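Asks: Structure incoming, see below.
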Amino acid sequence: MKELNYKGTAASPGIAVGKLSFFKSGISQIPSYMIYHVESEIMRYENAKKIADNELEALYRRALEVSGGENAEIFSIHRIMLDDPDLCDEIEKNIRERRINAESAVSRAADTFIRMLENTNDAYLKARTTDVRDISERLIKILLGKNTDAAVFSEESILYTDDLTPSEAIQLDKSKILGIVTAYGSSNSHTAILARTNGIPCIVGCGTIPEIFNGQYIAIDGGTGVYEINPSEATIERYKKLMDEEHSRRERLNALKGLPTRTSEGKTIQLYANIGNPGDVDAVIENDAEGIGLFRTEFIFMERTELPSEDEQFRIYQEVVKRMDGKKTVIRTLDIGADKHAEYLKLPIEENPALGLRGIRMCLSKTDMFTGQLRALIRASAYGKLAIMFPMIASVWEIREIKKLIKEICRQLDGDKIKYDHSLEIGIMIETPAAALISDILSSEVDFFSIGTNDLTQYTLAADRQNPAVSRYYRQDHEAVLSLIKTTCDNAHKAGIWVGVCGEIASDMSMVRKLISLGVDELSVSPPMVLPIREKIRNL
Ligand code: PEP
Ligand code: MG
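Using the working numbering, the first residue of the sequence shown is number 201, and each one after it goes up by one.
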C-alpha cells in the first residue's frame, strides 16, 4: 500500500511507530420501543443509575491509585452529573410522557443536553459534552446488559478512536499503548490530558481514518501532529532515528536532576513548578523542580457539590507541603469566577465576568469562606515551607484588608496554641496592569511578587485569553507586557523582595533569556518543562 502522510493537532509530544488499532467506543445500536409499564421502566432506569454510580465510585478509587487526583476527579463529576436533576427529569419525562424504553429515553435526554452544551459560548461547558456522552453510554450499556469495561489490547499498538471518554481513557491498559490518534477532540480533551500525564505520544483532530487501515503500520510525531500511514522503510528509519534522539534527549535531561539552575555567568534562578492538585506533586518531584511556584487551589473547590471544610483543606495543603520536604510551596488562594465555576457558590451571572467578581474580589466578598482557606493554609505552614499568594490584586487596600484578616487569624491561633510558621511569606500575583504600575507601593506590603502573564496579557492588551478569535492579539511577549514585567522586577528589587513569573511565558523556551534579562528571580513552569528550562538556563 502507498505511504500516506497527514497532519492533525499535536497533543502530547513523542514519537511512536506501530500497528494501528481501531477502538470503537460507544454503542452501535440503541433499541427504541414503546413501553406499557411506566413504573417498572422507571425502576429499570433507577437500578441502572445505582449500578453506574457504584462503577464510577470504583473507577474514582482506581484512577486515584493509578494516576492521581486530576484524572480521578472526573469520575466525581460523573457521579454528580448522573444525579443532575435536569438530566434525571428529562429521562423520566421521556419514559412517562413519550412512553419509550429507558435506553432510548437516556439517549434522547443526552442528545438534548449535548446540543444545549454545544450551543453555549462557554468552553468549560462545551467540554462537558464528552462527559454527558460518557455517562449516558454507561447507563445504556448497563440497561442492555453489556460490559462497561474498556477494550483490551493483545499487543502493543497505536490506538485510533473518535475520542476517548474519560472512563475509557482511565480503563485502557497503557502498557500496551504506544500512541494515540483521535478523529476529534482538542489538545485540552481528556484524551490529550491523559496522554500528556502518561507521556504517551498523541495527535488529536485527525478526522476519519478509513477502517481499511486497521492493523496497518503508522508512524506518529505527537510534537508536530504529523502522522504517516503505511510508512515506507525509509520513513520508519527516520522515525526510529527521532525516537533515538528523543531517548537521548531524555537521558541528557535526566542527568540535570540535582544540578543547580544557574547561567554560565553565575546567576541562579529558582526553577519551580505549577500544580493544580495534590496528585501533581509526583510530577514535581519526578522532574526535580526546586519548589512549587503556583498551586492553583480552585481545583479543590471546583468539581464538587459543596465547599471544602477548613479541615479538609488543611489536610490537602499539609500533604503537599510535607511531600515537598522543605522546598518552597507557594499556594494561591481561590481564584474562581470568570472561566472557573463552582455551582454551590451561587455566584451572580455577570455581563463581563473577567472584569467582575473574580479571584481576590470574590474572596473579599465572602470572608467566612476566605477565612476558612486562610486558616487552613496558615495551620499547614507548620509542616513545611509554605507561602501564600493572592490573585487579581489591583489596589493597595486589598492587600491591607487581607493582612488584617491574617493578623486576626494568627491572634486566634496563638490563643488556641495552634502552631504555624511565624515567618510565613505572603505574596501577590501581578496580573493586572494596575498592580504592575503600582508595584513600587505594593512591594512594601508583601514578601514577593509572582507575575501571572496569562491574565496580565489579557488585561493589558484587552484580548480575552479564551477567545480564539483574538488569539492574534493575545501575545504574552508583547512589548507592553514585557515593559510591565520590567517595572515589576525593578520595583521588587528596590524593595529587596523576590519576583517570579508563573504564567505560560515562563515555560516558553524562547523567552527564558528575555525574562532573566528583565530581572526575574524565579520561574514556575509546568512540571515536564522543568528540565528543558534548566538546560536552557545552564547554557545561557
Ligand atoms: C496567570 O494569570 O498568569 C496565572 C498563572 O494564573 P491563571 O492562569 O490561573 O489565571
Ligand atoms: Mg491568573
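In this text, a Cβ means the ideal position worked out from N, Cα and C, and glycines have one as well.
Bear in mind the structure is a predicted one, so any value in this text is a computation, not a measurement.
Under 8 angstroms, do Leu577 and Phe570 count as touching if we go by C-beta distance?
Replies: Taking 8 angstroms as the Cβ cut-off, Leu577 and Phe570 do not qualify as a contacting pair.
Asks: Taking the alpha helix (DSSP H) that Phe570 belongs to, which residues open and close that run?
Replies: 567-580 is the span of the alpha helix (DSSP H), which, as asked, contains Phe570.
Asks: Is the Cβ-Cβ distance between Tyr427 and Cys406 less than 8 angstroms?
Replies: Against a cut-off of 8 angstroms, the Cβ pair of Cys406 and Tyr427 comes out as a contact.
Asks: Around the Cβ of Lys694, are there at least 16 other Cβ atoms within 10 angstroms (buried) or fewer (exposed)?
Replies: With fewer than 16 other Cβ atoms within 10 Å, it is exposed.
Asks: Less than 8 angstroms between CB atoms is the rule here; does Glu246 satisfy it with respect to chain C?
Replies: No chain C is present in this structure, which holds just one protein chain.
Asks: For Leu364, which residues in the same chain have their Cβ closer than 6 angstroms to its Cβ, ignoring the five residues on either side in sequence?
Replies: Thr391, listed in sequence order.
Asks: Is Asn667 near the ligand PEP - that is, is its Cβ less than 7 angstroms away from at least one heavy atom of it?
Replies: Asn667 Cβ: outside cutoff for every heavy atom of the ligand PEP.
Asks: Hey, could you find the ends of the beta strand (DSSP E) Ala542 is sitting in?
Replies: Here Ala542 belongs to no beta strand (DSSP E), and DSSP marks it neither H nor E.
Asks: Can you tell me whether Gln470 is helix, strand or coil according to DSSP?
Replies: Gln470: strand per DSSP, three-state reduction.
Asks: Closer than 7 angstroms: is that where the CB of Leu494 sits relative to any heavy atom of the ligand PEP?
Replies: For the ligand PEP, at least one heavy atom lies less than 7 angstroms from the Cβ of Leu494.
Asks: CA-CA distance, Leu545 and Pro553?
Replies: Spanning the two alpha carbons is a distance of roughly 15 angstroms.
Asks: Here's a check: name, in chain order, each residue in its chain whose Cβ is nearer than 6 angstroms to the Cβ of Leu256, leaving out the five neighbours to either side.
Replies: Once the five neighbours on either side are set aside, the close Cβ partners of Leu256 are Phe275, His278, Arg279.
Asks: Between which two residues does the beta strand (DSSP E) containing Lys326 stretch?
Replies: Unbroken run through Lys326 is the alpha helix (DSSP H), 323-327; no beta strand (DSSP E).
Asks: Between which residues of its own chain and Ala310 is the CB-CB distance below 7 angstroms, once the five residues before and five after are set aside?
Replies: Correct list, in chain order: Val332, Arg333, Ser336.
Asks: Please go through the same chain and pick out, in chain order, the residues whose beta-carbon is closer than 7 angstroms to the beta-carbon of Asn667, but skip the five residues on each side of it.
Replies: Taken in chain order, the list of residues that qualify is empty.
Asks: Is Glu356 close to the ligand PEP? I mean its beta-carbon at under 7 angstroms from any heavy atom of the ligand.
Replies: Checking every heavy atom of the ligand PEP against the Cβ of Glu356, none is found closer than 7 angstroms.
Asks: By the 10 Å Cβ neighbour count, where 16 or more other Cβ atoms means buried, how is Ser232 classified, buried or exposed?
Replies: Counting Cβ neighbours within 10 Å, Ser232 comes out exposed, since fewer than 16 surround it.
Asks: Throw me the rounded Cβ distance for the Val596 and Glu645 pair, which I believe falls under 8 angstroms.
Replies: That belief holds up - the Cβ atoms of Val596 and Glu645 are roughly 7 angstroms apart, short of 8 angstroms.
Asks: Could you please give the first and the last residue of the uninterrupted alpha helix (DSSP H) stretch that includes Ala481?
Replies: In the sequence as presented, Ala is not what sits at residue 481; that position holds Val. Note, Val481: alpha helix (DSSP H), 481-486.
Asks: Less than 7 angstroms between the CB of Gly652 and some heavy atom of the ligand MG, yes or no?
Replies: Yes, Cβ of Gly652 sits closer than 7 angstroms to a heavy atom of the ligand MG.
Asks: Got a sec: does the ligand HEM put a non-hydrogen atom nearer than 7 angstroms to the Cβ of Asp253?
Replies: As for the ligand HEM, it is missing from this structure, which binds only the ligand PEP and the ligand MG.
Asks: On the three-state DSSP scale, how would you describe Arg462?
Replies: Note: Arg462 maps to strand in three-state DSSP.
Asks: Report the rounded CA-to-CA distance for Gly584 versus Val701, giving the unit in angstroms.
Replies: Their backbone Cα atoms lie some 22 angstroms apart in a straight line.
Asks: Say the cut is 7 angstroms; is the CB of Cys402 nearer than that to a heavy atom of the ligand PEP?
Replies: Answer for Cys402: no, Cβ out of range of the ligand PEP.
Asks: Between Phe649 and Ser304, what straight-line distance do the alpha-carbon atoms span, to the nearest angstrom?
Replies: Taking the straight line from one Cα to the other gives about 55 angstroms.
Asks: From the DSSP output, in three-state form, read off Asp721 for me.
Replies: In this structure, Asp721 counts as coil in the three-state DSSP scheme.
Asks: Pop quiz: Leu586 and Ala580 are said to be a contact at Cβ under 8 angstroms. What is the actual Cβ separation, rounded to whole angstroms?
Replies: Indeed, because the Cβ distance is near 6 angstroms, the residues count as touching under 8 angstroms.
Asks: One question on the structure: do Val530 and Leu471 come within less than 8 angstroms of each other, judged by their Cβ atoms?
Replies: No. Outside cutoff.
Asks: Going by beta-carbon coordinates alone, are Gly208 and Gly425 separated by less than 8 angstroms?
Replies: Closer than 8 angstroms, so yes.
Asks: Measuring straight from C-alpha to C-alpha, what distance separates Glu547 and Leu557?
Replies: In the sequence under discussion, the amino acid at residue 547 is Leu, which differs from the Glu named in the question. If I take the Cα positions, the gap works out to 9 angstroms.
Asks: Could you pull the start and end residues of the beta strand (DSSP E) that Tyr233 belongs to?
Replies: Here Tyr233 belongs to no beta strand (DSSP E), and DSSP marks it neither H nor E.
Asks: Cβ-heavy atom distance between Asp535 and the ligand MG below 7 angstroms?
Replies: Result yes, Cβ under 7 angstroms from the ligand MG.
Asks: How about Ile400 and Lys376: do their beta carbons lie closer than 8 angstroms?
Replies: The answer is no: Cβ separation not under 8 angstroms.
Asks: Can you tell me the Cα-Cα spacing of Lys603 and Ile641, whole angstroms?
Replies: Going by the C-alpha atoms only, they are around 15 angstroms apart.
Asks: Which value, in whole angstroms, describes the spacing of the CA atoms of Gly476 and Gln229?
Replies: Spanning the two alpha carbons is a distance of roughly 39 angstroms.
Asks: Which of the three DSSP states is assigned to Lys341 in this structure?
Replies: In the structure shown, Lys341 sits in a helix (DSSP, three-state: H, G or I).
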